[in-house]
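Protein chains in written order, with the numbering used here: chain A, 474 to 764; chain B, 474 to 764; chain C, 474 to 764; chain D, 474 to 764; chain E, 474 to 764; chain F, 474 to 764.
Here you go:
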């Protein structure tokens, strides 16, 4: 195949993105960033470039990131013995302080730095900035139905989109750490999946995209589901076909949709350029959730 | 090769365009449209989609088109006997009227319609609109050095970029027919290559791109020249290595550069997606002219 | 009468325009331009100056022009035999091409040039520009009630006022040729009277003014009607008192009013400065149509 | 002469104003209002309508008015014995208080009311408003060259155009009373002619127009002068051909021109519509002063 | 007490104002200025500085002033015998002229000058400016129920807030004289308390503050009332506990509240810095009236 | 002293701030926050309220904070043995990571939360956000003149004020952590005093205020210096009268002034409300440094 033919094929690829670029220009895409895509060097770099391209062609990506193994590693080094109640980490004040330092002072800054190194203009935000994410204590419902106090684990009370809007209008890509602030100023650690859903709702986002380490959602028959409507999603959760780490992702998707987001996607972040494939090509990947 | 791998390769192609999109966002690209790219159905459609993509990713394409065989065809049908002096068409008032009708009422509208059919928002302009292209009579210097009056053939006196700016600001792609207006309101037919150069200068364009039916400019040795500096271009014109239809293109390029445009390109419009290849890939094609 | 007294009388005339200038400042006036006013040299010049004055004192004139004898003349020279069905020209693809060339490439440009020559800043628009006038095939209802296909004769489907608004905001006077574009990109020739009415509706114009070659509308008794309400207009059309070329003008007026225009006028374009007399003096001329 | 012919002639008169409207649109015209035009009922009304027309066709009239017989009348009624030094009124604190009350609380309000009654939107300003006219004591140079203190008679130190600009931008016609404020807050009575000149300079006005009760300026030969250049004006003042009440008008004109105004006019306010004739017709009236 | 401690206490005082500054930023405060605060030199100066501080910390004070003894003094000097009907001054045309001169040309200018001397930027307005206060004749209801004509005493018909808004947007503090204009251009003297109430309604003010010479409103028991609701205010007026000069103040307050103002206050202008104490400290002073 | 008298005295205190509020409205004040004011609970709260008041009265405070004992504490817990070269901490990659976590994820968030808890709207920024603070390696000059590599200690290369401007325009108070980013994306720990100086220069600040734990700068004679000019400051540094921790503060002040800031202040943060006293009262405290 001659170089020229290849070049022309490349141009064809660019043109295939045309309808998607047109459809999503000026639209907000909230991307929950986590898992392999946040840990493997090559995937990280691809993620940064993908985000940048979306921004350059006129979309408005907003990143919400999660935690990861770095929190546990630091706790261990500090001699904090992790305690769990029903699989959830009991978060005492010292723990939440460590969590905040790692999320806001380390992971957030790495993502910001990564995007900027590739030529973007990212700015990090914690939920404390501008009191953007107001949170309250989340009690843990145990197997026997009783509620257990697991400390400074929070749930989103409200999201004020103003800081995000101001940064977007100034040309910046917002990168958000899932930390919330209580009414007395206390810090809450919040599940990043849920934060992403509420941010997508507050921004009336075009899409909420969860980058995960699985192929998408599987049905009762073990087969991959392309499109999942709300009612069916609820059924699958009830019948525990959807379970474990997928639960908050689907919960987040449904909250986003209920709050005004257009669509939610759960895609495989291990696939290189998963975001681009989802947004700019006809190959929708993963599972799409709609009302 | 699995579909997935192909998909990922496609994403890679999109990302290769990243630095070019970033470099040229908000920049004006004046494209002289003519030749095969304006006559072959498949090339026409590719042209429309290429222009649209450039616009969608944030660039500002401005089209200047030429005439072509349609003028001669109509003249023939009207029984006008073409007269030439030294290779240039003698343009009497009736001829200029036919030229204007074909350029403004037919070709311009076809291009506008083509872009709009693919989802763009193009608006046509004649040099008479807003008195945008003011022109004066161009005398023809004959072989013996004497000047011959060849009628209503004009040269650009000034270009007022205001109508173009207003349409661009409104989100439209301007498509310009090479007709000028004299101080008494008379119509002038002007060489489209030269109009494109002066429009590029008036807009301080980032690039002037000539779509031609050749591979670019060839040097004394018959080899293709990638980059041509002004001084060398002038030498090649003087020594008649550059000659014929290439002369006004190079003249136009030099005028554009002198007037404030950044770069001029003479590229092969017969190559599919020639514009995209030039603007969005590392494969510069054709010949680039710089000061 | 001394020169001074004359001068003072002139000032008085200016002041008589005061209430009309105040009433119509910032308002849109759609003027259907055609007939004698478009053919006689002195009337043409007066028209240009009248339009300019309206613009200068703060109104927003928008011109819609028709065709005229030039179309027939060119068709004849090209050996096209005109075919009529029930008085309407059968418009094959070649015919619509000729119509478009004459309307857009000749008549429109003459009007634009005329206004600009008097110091205005006019820009021409075809209905194809920005896909402004979307059209569909208009079938011809024959005397026996059956429908005849008369080719590419269209009726307005929708008018997008955006290109007009953008040019107006930029300080330009829009001049519109009555050509429409179909959903497949095909060209339609549309009755200019009807285009003017739909443009007036889309712009929520203050006035739609038809320049005609008659004094206005005559009633059953053959006497001139100053003001005509919708219901009466409909009666006169039904009883064929209003007939022939006056029919589309009245239909256009009623469509404009139904779509949000304030008033419609059918005035005598053979009277010098007919527009000024209508808009700026207490002598309303012609027939005014209201809901 | 038929009514129709008259109507058409009226339209012609409107069109004669076209070039003047175009030339002065958006331009500021400072009008010194005084004399007969401020005292005769019919002239007052004509003045109001003239000003309104200028505003409606897009110009920016700014009125500066003087005092007149009302000040003397009130002083007399209050038993204040007028004292003069070398023809200038000695202005003690009580006198300046009376002057301010009459200028700001009576004459200014009458003019504002008059314009508003005819449909305009005028707002009055004293030089104290926004400390717009800062003034200092003006000593009177006596015949023997010595300086006499004549009390609170001021000269303009500076004019802050901000209050005028704010009102103009809000769509109001500013009407200014010639009162100034000193650095300690004291009130100064200032010659209205001189205030008008300095206001014209501060606004970089297109025209300063003095409405007077004479035909203009007469030369050595007693003949009316149409255009007066600065050097000649200075000669005529020195040789006392220009004298008395005309002196501050010419001084004001020269200060306006020196400060950036384009032209100054001294016209006969007794002629009905003198302002319109000056601004909108080819009959320049009175004397025009230029650099 | 060391100087340092004093300084720190001063800082504490500044901080106590914090919640009030935050609450009223960008809000309009209409202040009826009159009584001792307008007559005693020290109170006048404090008033000017108080108003300035409110403006500087981001509030929008609007001053409405009354008349005072200066009107009577001038009338006396002019030999006008005051006539009263039922306690109200009969206002013939000459009287209203005197009233206007004193209000607009003297008192208004003194207040404007005072604020400007302290560094503010005040501009005076009469109700005639921009026809801001349209008024009609107010008939006087006599004890026997019959109506007496007391001349050019007016009541507010409507308030156009535009001139106030334009000056505020330009950074100026508006100072308003209680003069109204009738439909035929005639001048009306209007009770300043009532003007203040209607201005507060037209501006949807946050507060209407009446500066009076009493401590506030006393109840049946002769004790000071802190907060008065509408119904109770109406009862006290009916039972003549509220009477005399307090009547128009309470009427004005109720009109302001009915028209959209948030709160009305009647405070003791004899207390230094009464306005600041009311607006910026927790010590509400005087009587507050609410719906 | 009666409550009333106290209230009035409080109003007087508010008014004393008038000239300072006027002088500094809209001006940027860069405050280096550190020392006791950042550690004692009561001083922290006072700081938050002081900053808020400055913002509410129209100034633009920008906070730059330093580190403090928390960094050392975390390093100790993590078993990192601090190494020093010539009094400067050797900063290996692990150390800079800890520093960043504490500065950005803990201290910055505490300050942001504190201001927000008092009703402000603060947003934190690291120098990595928007690549705002670009830095390069700072070598340490040892006593013998040789340069020692002390790791990831940086010096400011450039400050891009855009993220700060965008947040300010959006109504937020920016709080900046002294972390910089190198050309390869590496993290640098930078002296907060120096960052504050360069930020003040980049913003062309009105004031740079260093909150310290001393009274200000002492001269050769051990007496407090009120105002220090550049030349004298340089002399005192050379003669080591200014030394130790005061050195970077004075260096920062001089850099700020050289870069366009108006004034620099070194004040005693142990004094309650030190900032308010400096900015809003006539008691300048501490030492003022000017060019």
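Ideal Cβ placement from N, Cα and C applies to all residues, glycine included.
From the listed residues C:556, C:493, C:727, C:584, the smallest Cα separation to residue 659 (chain B) is found for C:584.
Within chain C, not a single residue places a beta-carbon under 8 Å from that of residue 534 (chain B); the smallest gap is close to 15 Å.
Minimum Cα-Cα distance from residue 692 (chain E) among the listed residues E:708, E:557, E:729 corresponds to E:708. Under the Cβ criterion of 7 Å, residue 517 (chain D) is not counted among the residues facing chain E.
For residue 626 (chain B), no Cβ of chain C is located within less than 7 Å of the residue's own Cβ. The continuous beta strand (DSSP E) containing residue 505 (chain C) extends over residues 501 to 506. Checking the DSSP bridge columns, you'll see residue 761 (chain F) partnered with F:700, F:738.
Membership of residue 638 (chain B) in the alpha helix (DSSP H) is indicated by the continuous run 635 to 642.
Taking 8 Å as the upper bound for CB-CB distance, residue 677 (chain B) and residue 733 (chain B) are in contact here, some 4 Å apart.
Apart from the 5 residues on each side of it in sequence, residue 564 (chain F) sits with its Cβ closer than 8 Å to the Cβ of 572, 623, 624, 625, 626, 662 in its chain, given in chain order.
Looking only at D:574, D:575, D:604, D:577, the smallest Cα-Cα distance to residue 588 (chain E) is reached by D:604. When the five nearest sequence neighbours on each side are left out, the beta carbons in the same chain lying within less than 7 Å of the beta carbon of residue 634 (chain F) are those of 675, 676, in order along the chain. A direct Cα-to-Cα measurement between residue 507 (chain A) and residue 665 (chain A) gives close to 9 Å. Under the Cβ criterion of 7 Å, residue 756 (chain D) is counted among the residues facing chain C. For residue 552 (chain C), the secondary structure class from DSSP, reduced to helix, strand or coil, is coil.
Residue 646 (chain A) sits in a strand when the DSSP states are folded into three classes. Under the DSSP assignment, residue 595 (chain E) falls outside any alpha helix (DSSP H), being part of the beta strand (DSSP E) whose first and last residues are 595 to 599.
Under the 10 Å beta carbon count, residue 558 (chain F) is surrounded by fewer than 16 other beta carbons and is classified as exposed. Secondary structure remark: continuous beta strand (DSSP E) runs of at least 3 residues inside the segment 511 to 543 of chain E, in chain order: 533 to 538.
Not one beta carbon of chain E lies nearer than 7 Å to the beta carbon of residue 525 (chain D). When Cβ pairs closer than 8 Å are counted between the two stretches, the segment 697 to 708 of chain B is seen not to touch the segment 522 to 540 of chain B, the count staying below three. Contact check for residue 689 (chain C) against residue 739 (chain C) passes: the beta carbons are separated by less than 7 Å. Around residue 746 (chain D), the same chain offers 519, 523 as residues with beta carbons nearer than 8 Å, after the five sequence neighbours per side are excluded. Annotation: Cβ neighbours of residue 570 (chain B) in chain C (cutoff 8 Å, chain order): 579. The beta carbon of residue 672 (chain F) sits no closer than 7 Å to any beta carbon of chain A. In this structure, DSSP gives residue 662 (chain D) an extended state, which the three-state scheme calls strand. For residue 630 (chain B), the enclosing beta strand (DSSP E) covers residues 627 to 632. Two segments are said to touch when three or more pairs of C-beta atoms, one from each, lie closer than 8 Å; by this definition the segment 637 to 653 of chain E does not touch the segment 720 to 727 of chain E. Between residue 719 (chain F) and chain A, the shortest Cβ-Cβ separation is not below 7 Å. As DSSP reads the structure, residue 564 (chain D) sits in a beta bridge with D:624. Contact with chain C is absent for residue 548 (chain B), since none of that chain's Cβ atoms lies less than 7 Å from the residue's Cβ. In terms of Cβ geometry, residue 490 (chain F) and residue 753 (chain F) form a close pair [threshold 7 Å]. Here residue 541 (chain F) is not near residue 639 (chain A), since their CB atoms are 7 Å or more apart. Within chain F, no residue has its CB atom less than 7 Å from the CB of residue 688 (chain E), the nearest being about 11 Å off.
Proximity to residue 629 (chain F) across F:669, F:684, F:593 peaks at F:669, based on C-alpha coordinates.
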